[in-house]
Amino acid sequence: MDSESTILALSALAQPTRLDTFRLLVRHEPNGLPAGEIARQLDVPQNTMSTHLGILSRAGLVKSERQSRSIIYRADLDALRALTLFLVKDCCAGKPELCAPLVAELVPCC
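Start counting the sequence shown at 866; every next residue gets the next number (my numbering).
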């Protein structure tokens with residue numbers, strides 16, 4: 866990941882509905898959710914949700930797949946990993962022990 870991609874991803878997430886959408890999709894991995902269900906769960910009009918999903922998709926944070934008449938959206942966990950690594954790669958000026966609390970907080974979720 867480079868600076869431009871990181872800025873695009875962070876700007877896509879810097880809006881409450883898109884952040885909620887991305888977090889919802891992360892919780893529903895690996896199956897994803899249809900666009901209509903995302904809109905229903907977040908109480909957002911479907912046309913508005915479509916716009917938000919398009920922005921997240923162009924930022925590389927979500928993937929879509931047509932299944933019959935539905936479009937299923939999934940969080941792109943590889944993109945999330947790349948974004949996170951880009952942000953913390955040079956963590957603590959090369960002193961990994963200073964990053965131990967950050968890593969420790971991630972372990973319980975995995």
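Backbone N, C-alpha and C fix where the C-beta goes; we use that ideal spot for every residue, glycine too.
- The beta carbon of residue 866 sits closer than 7 Å to those of 947, 948, 951, all from its chain and outside the five residues before and after it, given in chain order.
- Sequence-distant Cβ neighbours of residue 922 in its own chain, meaning closer than 7 Å and more than five residues away, are 929.
- By the Cβ-count criterion, residue 897 is buried, with 16 or more other Cβ atoms from all chains shown falling within 10 Å of its own Cβ.
- By the criterion of at least three beta-carbon pairs nearer than 8 Å, the region 931-942 is not in contact with the region 955-972.
- Between the beta-carbon of residue 903 and that of residue 886 there is about 6 Å, and that keeps the pair under the 8 Å contact cut.
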